[in-house]
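Quick note on numbering: the sequence shown equals residues 1 to 654 in the UniProt record's numbering.
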Amino acid sequence: MEHVVHHPLPHDVPAEWAARAYVNEAKYLEMYERSIRDPEGFWYEHGSRIDWFTTYTRAKNASFGGPDGGEVSIRWFEDGVTNVAYNCIDRHLDTRGDQVAIIWEGDDPSESKHITYRQLHAEVCRFANVLRNRGVEKGSTVTIYMPMIPEAAYAMLACARLGAIHSVVFGGFSPDSLADRIRDCGSKMVITADEGLRGGRKVPLKANVDAAIAKVGGVDHVVVVRRTGGSVDMEAGRDVYYHEAAEQVTDECPAEHVDAEDPLFILYTSGSTGKPKGVLHTTGGYLVFASMTHQYVFDYHDGDIYWCTADVGWVTGHSYIVYGPLANGATTLMFEGVPNYPTVSRFWEVIDKHKVNIFYTAPTAIRSLMGAGDAPVKKTSRASLRLLGSVGEPINPEAWEWYYEVVGEKRCPIVDTWWQTETGGIMITPLPGATRLKPGSATRPFFGVVPQVVDAEGKVLEGACEGNLVIAESWPGQMRTVFGDHQRFVDTYFSAYKGKYFTGDGCRRDADGYYWITGRVDDVINVSGHRMGTAEVESALVSHPKVSEAAVVGYPHDIKGQGIYAYVTLMQGEEPSESLRKELVAHVRKEIGPIATPDLIQFAPGLPKTRSGKIMRRILRKIAEDEFSALGDTSTLADPAVVDDLIENRQNRA
Ligand code: PRX
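Have a look at this one:
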């Protein structure tokens, strides 16, 4: 499997590149060693990379509960007082007020905008005043359901400015999913747009908000940004167009003083059981970690144009479109569209149009563009590119090679960054100029990160090994709790291996100490870099009146990484049919959203269960992978005959 080290860095890069990198290998090792030996000293020092209204006197105060399962409590820079929006905007005004903060590229290639730091300040202040006039204050929760337009970033920063807690919900989620998320955090305010625009198609955001509110209630205000001008229902007294409300307020709004451990945002993410959980990130440690990783991993220097293609509805958008880059005074590009509209050259054309130097995207996008061949890439220049990044799922070496050779023309190192919604920022990654790259490996830990590989019993493995990935020590960007449910936080992350943070990922470490993430070891699947709990898809399926039981597993998919494979048992008297299959697909899309669309549905008269009634997912995974010859021990099955039927009617045939 393992590829040879054939692109050693920094030897393989132009001299000017090696010269400009923040760290070389020796410096990385020195800084890393210090960060582990003396985390307090290391982070005390680096905490000053952001501005504080009151300086902290201590950096780290964190416990993972220890081997006996004590209290889990994570606090960083706890007596410091600051404000995230102040750090992302105000502190840059003297030195870079006229520098572009955000380049916005619309879905339609003829539309783009440049927003300077001074303009960003005015926009965010205005937005904050609109929110404040409608009751938003320190500690309020605000749900943001927006397309990729600058107002999404303004809304996030406006919340941060007021000390309010935002919960951004990806615009691809259904009204039902949105309703659950509004309910869970008790938002009285929702910020949305009339419609989104992606790949030339309209997304009915405001109508979805209306449908969600009809289910949850409790929402007093909906602020609607006009994007397409499409006609939407406006409920008097509750709904207001942003542009009308903004006329009533000034563009000055002081930044609240907030404690380092005051919440900054909630972001819902899927786990192996139950409903999505509200991952809570706080202020000081998060911003220190997001900005520091952004600077070092992307080797960001003044004047660079940086583009992360994620959506602000995911953590990558939070940390690496908005907070990390803006805290660093960067120019960050925000893209409304999709990689294949109007053509499959779009990414590369945007790079040329805005002279992008640093480009950060997901393996699923790389694989699908690779499928379109080299010509759509090669017809563009890409001369501005200096660094490429990958995130969200393991990148297969073939896609890595294509990205390296065709997109980057062997000039640009690739940073394959492993991290999670929970980690707040990048955890395992190459540092350009310091790390020799191996295609498919996220390589080595960032400063302060202590990865360990453990076996099923929790024994820490040494040297080259394979097992489950845990993190042994706290880092500043770590999530602090599950919103409203600290016990769930403890149970989910600190109970499998007491005293350690369990990532849910499997991992191999090679003889050079490089980490190779092998994918989730729990019932979470990763579809096109979108994280999904199989249990969520199952509960959507069984909510259909004709479905009696459902089991969902992932299977290898060429473009998406993993596809969604659903086994469905129908209610007595219901007959499988093509039209029912379509109905079930539509039902899941309605319940969760298009990202949860099942790729394959197999109607199964029965599911393989143990005598105690537990579904044997191992068998379902094997069949979905078309690897049914190695099913392993099936002797504990209540009815071994169901397996023959499952194999006979399997949907994924090589
Ligand atoms: O399985 C890992 C995979 O994505 C999961 C986290 O998903 P999410 O919280 O949605 O955050 C995605 C963006 C940070 C991880 O548990 N993952 C993420 N990056 C990588 C990865 N797997 C392999 N290599 C990566 N670079």
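Heads up, the beta-carbon is just placed ideally off N, CA and C, and yes, glycines get one too.
In this text, all values refer to a predicted model and were calculated from it rather than measured experimentally.
Handout entry: Which listed residue (Lys614, Pro576, Val553) has its alpha carbon closest to that of Asn652
Key = Out of Lys614, Pro576, Val553, Val553 has the C-alpha closest to the C-alpha of Asn652.
Exercise for the section: Please go through the same chain and pick out, in chain order, the residues whose beta-carbon is closer than 7 Å to the beta-carbon of Gly477, but skip the five residues on each side of it. Expected result: Closer than 7 Å at Cβ, skipping near neighbours: Gly285, Tyr286, Phe289, Ala290, Thr423, Gly424, Gly425.
Handout entry: Nearest-angstrom Cβ-Cβ length linking Ser73 and Ser63, presumed shorter than 8 Å
Key = With 8 Å as the limit, Ser73 and Ser63 qualify as a contact, their Cβ atoms being about 5 Å apart.
Practice task
Name the two residues that bound the continuous alpha helix (DSSP H) containing Ser579.
Solution key: Where Ser579 is concerned, the enclosing alpha helix (DSSP H) stretches over 578–591.
Exercise for the section: Please classify Ala566: does DSSP put it in a helix, a strand, or coil? Expected result: Of the three classes helix, strand and coil, the one that applies to Ala566 here is strand, per DSSP.
Exercise for the section: Leaving aside the five residues before and after Leu131 along the sequence, list all residues of the same chain whose C-beta is less than 6 Å from its C-beta, in chain order. Expected result: Hits under 6 Å: Ala158.
Problem - Ile321 beta carbon less than 8 Å from that of Ala310 - result: Yes, Cβ-Cβ distance for Ala310 and Ile321 is below 8 Å.
Handout entry: For His7, three-class secondary structure by DSSP
Key = Since pLDDT at His7 reaches only 46, below the 50 mark, its modelled position is unreliable, and no value is offered.
Handout entry: Heavy atom of ligand 1 within 7 Å of Pro394 beta-carbon
Key = If you check the C-beta of Pro394 against ligand 1, you find a heavy atom less than 7 Å away.
Exercise for the section: Compute the distance between the beta-carbons of Tyr145 and Glu123, then report whether it is under 8 Å. Expected result: Glu123 is positioned such that its CB atom lies no closer than 8 Å to that of Tyr145.
Problem - Cβ-based burial, Lys215 [other Cβ within 10 Å; buried from 16] - result: It counts as exposed.
Practice task
Indicate the three-state DSSP secondary structure (helix, strand or coil) for Ser319 in the structure shown.
Solution key: Of the three classes helix, strand and coil, the one that applies to Ser319 here is helix, per DSSP.
Practice task
Give a single yes or no on whether Thr192 has its beta carbon closer than 7 Å to a heavy atom of ligand 1.
Solution key: No, the beta carbon of Thr192 sits no closer than 7 Å to any heavy atom of ligand 1.
Practice task
Assign Leu29 to buried or exposed, taking buried as 16 or more other Cβ atoms, counted over all protein chains shown, within 10 Å of its Cβ.
Solution key: Exposed.
Exercise for the section: Would you kindly work out how many angstroms separate the C-alpha atoms of Asp108 and Ile149, rounded to a whole number? Expected result: For Asp108 and Ile149, the distance between alpha carbons rounds to 12 Å.
Exercise for the section: Indicate, with yes or no, if ligand 1 has a heavy atom lying under 7 Å from the CB of Val391. Expected result: Because some heavy atom of ligand 1 lies under 7 Å away, the Cβ of Val391 counts as near it: yes.
Practice task
Please report how far the alpha carbon of Glu336 lies from the alpha carbon of Arg346, in whole angstroms.
Solution key: For Glu336 and Arg346, the distance between alpha carbons rounds to 12 Å.
Problem - Residue from Gly230, Leu369, Pro147 whose Cα sits closest to the Cα of Thr343 - result: Of the listed residues, the one whose Cα sits closest to Thr343 is Leu369.
Practice task
Take Thr293 and list the residues in its own chain whose beta-carbon comes closer than 7 Å to its own, dropping the five residues that flank it on each side.
Solution key: Cβ neighbours of Thr293 beyond the five flanking positions: Gly324, Gly425, Ile426, Phe446.
Handout entry: Beta-carbon proximity list for Val190, same chain, < 6 Å, skipping 5 on both sides
Key = Non-local C-beta neighbours of Val190 in its own chain, meaning closer than 6 Å and more than five positions away in sequence, comprise Thr143, Val209, Val219, Val222, ordered along the chain.
Practice task
May I ask you to report which of helix, strand or coil DSSP gives Ala122?
Solution key: Reduced to three states, the DSSP call for Ala122 is helix.
Practice task
Could you tell me whether any non-hydrogen atom of ligand 1 is closer than 7 Å to the CB of Asp184?
Solution key: No - ligand 1 has no heavy atom lying nearer than 7 Å to the Cβ of Asp184.
Exercise for the section: Measure the alpha-carbon distance for Arg531 versus Ile525 and round it to whole angstroms. Expected result: Distance between Arg531 and Ile525, taken at the CA atoms: about 6 Å.
Exercise for the section: Would you kindly work out how many angstroms separate the C-alpha atoms of Arg386 and Asp176, rounded to a whole number? Expected result: Looking at the two C-alpha atoms, the distance is approximately 42 Å.
Practice task
Compute the Euclidean distance between the alpha carbons of Glu591 and Ala540, then round it to the nearest angstrom.
Solution key: Distance from the CA atom of Glu591 to the CA atom of Ala540, rounded to whole angstroms, is 6 Å.
Problem - Contact check, Thr481 vs Gln420, beta carbons under 8 Å - result: Contact: no.
Exercise for the section: For Ala158, verify whether its CB is less than 7 Å away from any heavy atom of ligand 1. Expected result: Not so, every heavy atom of ligand 1 lies at least 7 Å from the Cβ.
Exercise for the section: Would you be able to state if there are at least three C-beta pairs under 8 Å between the region 49–61 and the region 81–97? Expected result: Taking one beta carbon from each stretch, the region 81–97 and the region 49–61 have 3 or more pairs nearer than 8 Å; the two touch.
Handout entry: Gln420 CB to nearest heavy atom of ligand 1 below 7 Å
Key = Remark: the C-beta of Gln420 is in contact range of ligand 1, defined as less than 7 Å to any heavy atom.
Practice task
Please find out if some non-hydrogen atom of ligand 2 comes closer than 7 Å to the beta-carbon of Arg520.
Solution key: Of the ligands this structure carries, namely ligand 1, none is ligand 2.
Practice task
Please name the residue, chosen from Ala193, Tyr117, Glu575, that lies closest to Gly229 on a Cα-to-Cα basis.
Solution key: Cα-wise, what sits closest to Gly229 is Ala193.
Practice task
Measure the Cβ-Cβ separation of Pro439 and Tyr515 and say whether it is below 8 Å.
Solution key: In this structure, Pro439 lies away from Tyr515, with their beta-carbon atoms at least 8 Å apart.
Exercise for the section: Round the Cβ separation of Pro276 and Leu205 to the nearest angstrom and send it over; I've been treating them as touching at under 8 Å. Expected result: Taking a contact as a CB-CB distance under 8 Å, the pair Pro276 and Leu205 does not count as one, their CB atoms being some 19 Å apart.
Exercise for the section: Could you check the C-alpha separation between Val240 and Asp251 for me, to the nearest Å? Expected result: Taking the straight line from one Cα to the other gives about 18 Å.
Practice task
Work out the CA separation of Ala566 and Phe359 for me, nearest whole Å.
Solution key: Inter-residue distance for Phe359 and Ala566 is about 35 Å (C-alpha atoms, whole angstroms).
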